[in-house]
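787 is the number of the first residue of the sequence shown in our numbering; add one for each residue after it.
Each residue gets a CB set at the ideal place from its N, CA and C atoms; glycine is no exception.
Heads up: the structure comes next, in structure tokens.
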Amino acid sequence: MRMLSSLRRGLSVALASLMIAAGLCLIAPIALAETYTIKMGSDSGNLAFQPATLSVKHGDVVQWVNNKLPPHNMMIDGAKLPDVSAELISSLSHSQLMVKPGDSFQVTIPDALPAGEYAYFCAPHRGAGMAGKLVVTG
Ligand SMILES: [Cu+2]
Numbered sequence: 787m788r789m790l791s792s793l794r795r796g797l798s799v800a801l802a803s804l805m806i807a808a809g810l811c812l813i814a815p816i817a818l819a820e821t822y823t824i825k826m827g828s829d830s831g832n833l834a835f836q837p838a839t840l841s842v843k844h845g846d847v848v849q850w851v852n853n854k855l856p857p858h859n860m861m862i863d864g865a866k867l868p869d870v871s872a873e874l875i876s877s878l879s880h881s882q883l884m885v886k887p888g889d890s891f892q893v894t895i896p897d898a899l900p901a902g903e904y905a906y907f908c909a910p911h912r913g914a915g916m917a918g919k920l921v922v923t924g
């Protein structure tokens, strides 16, 4: 009888440990995703994205926020990405102009996006060199 009850206790400890481990697995992927902010128009008043280069992983969220000298937008430079579908590139781009200070949009880096470098530019200020780069590390 005593053996049976200690076996039961052992089983409930094992079950509880399993449930905790399963719970951690559910939480882990959410905790790993990061959210980043890129300013459109630098603090010093230049036509630039700040930071100009950002490393991201699948599932990360990147938010572009109007800072200085609007209007701005964010167009992925598809010409430099012959192996990535035009549909995927346009789903990442944000052609709508952000006009007011503080206007923002965000993009979640999709799993379907191959690791690599993704150059982008601001359409109204492309001639002035307003460009940035996302480095997707997987
Ligand atoms: Cu711009």
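Can you tell me where the beta strand (DSSP E) holding residue i begins and where it ends?
i           : result
residue 872 : First-last for residue 872: 872-878, but that is the alpha helix (DSSP H), not the beta strand (DSSP E).
residue 922 : 917-922
residue 852 : 847-852
residue 858 : 858-862
residue 824 : 821-826
Less than 8 angstroms separating the Cβ of residue i from some heavy atom of ligand 1?
i           : result
residue 855 : yes
residue 832 : no
residue 827 : yes
residue 910 : yes
residue 880 : no
residue 916 : yes
residue 858 : yes
Helix, strand or coil: how does DSSP classify residue i here?
i           : result
residue 844 : coil
residue 886 : coil
residue 905 : strand
Considering only residues of the same chain and omitting the five flanking positions on each side of residue i, which have a CB-CB separation below 8 angstroms?
i           : result
residue 840 : 822, 824, 848, 918, 919, 920, 921
residue 838 : 917, 918, 919
residue 833 : 827, 855, 908, 911, 914, 915, 916
So, at 6 angstroms on beta carbons, what are the nonlocal neighbours of residue i in its own chain, with the 5 sequence-adjacent residues on each side left out?
i           : result
residue 900 : none
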